[in-house]
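Participant: Okay, so the sequence shown: first residue is -17 according to the working numbering, each after it adds one. Every residue, glycine too, gets a C-beta built ideally from N, C-alpha and C. Please read these numbers as outputs of a predicted model, since none were measured by experiment.
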Amino acid sequence: MEWSQDKFEEQARKLVAHCENVAFLKQSYINNENHLRKLINPQIENEKTERLDLVKRNVENVSSEIQKVIELLQDGCKDRKRLLELHMQNEKLRLDNKRMQIELDSFRGMKEQKEQLTRALEESRETVKRLVAKAERERKKMFDMLQQTDKAKDATSLSKPIKVTQTLQPIKLAPPTNASVGCEI
């Protein structure tokens, strides 16, 4: 059975009121005892005294039992407070765990983005290598054509003009992408 703090306090107040009633009854018995001693003879007074002593002991026993119950209620309140503290600590840890999970997910997203940028950079490098190789082949072709032209010039006389049958096309390089500009891995 789970009790709230208010219920514990209410029960404690009831027990304190009960203790006060018991103390009042005890004082009433003492007053009655004194009054009876004055009114009755000594033999009856002894019997009454024994009964009153028995009642006093019972009242004292009840008082001590009530005190034990009060202490148990106070311990219960302390346990309840500790339980609430543990619950709050658990909630804090749960929220911290959730925050760390969000950060981890964010980190994974950044890692995936970095991998995508790395792939794009590698693709850009490969494209640049292909374009450089193509430009090198075109340069070599032009160089070979120039050599052939020089050989043809040497073979013919200077008075005879040489006709160029093939026009050279300018090399177009792809514009750099964001992934290839300023990204280092």
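In angstroms, rounded to a whole number, what distance separates the CA positions of residue -4 and residue 89?
Facilitator: 59 Å
Participant: For residue -14, which of helix, strand or coil comes out of DSSP?
Facilitator: coil
Participant: CB residue 34 to CB residue 15, shorter than 7 Å?
Facilitator: yes
Participant: Grouping DSSP H, G and I as helix and E and B as strand, with all else coil, what is residue -4?
Facilitator: helix
Participant: Measure the alpha-carbon distance for residue 81 versus residue 96 and round it to whole angstroms.
Facilitator: 22 Å
Participant: So, under 8 Å CB-CB, residue -7 and residue 55 are touching, yes? Tell me the CB distance rounded to an integer number of Å.
Facilitator: 6 Å
Participant: Going along the chain, which residues of its own chain have a beta-carbon closer than 7 Å to the beta-carbon of residue 1, five neighbours each way excluded?
Facilitator: Excluding residues within five positions, the ones whose Cβ falls inside 7 Å are 45 and 48.
Participant: Taking residue -10 and residue 58 to be in contact with their CB atoms under 8 Å, please state how far apart those CB atoms are, rounded to whole angstroms.
Facilitator: 6 Å
Participant: When you compare only the Cα positions, how much space is there between residue 13 and residue 41?
Facilitator: Roughly 15 Å separates the two Cα atoms.
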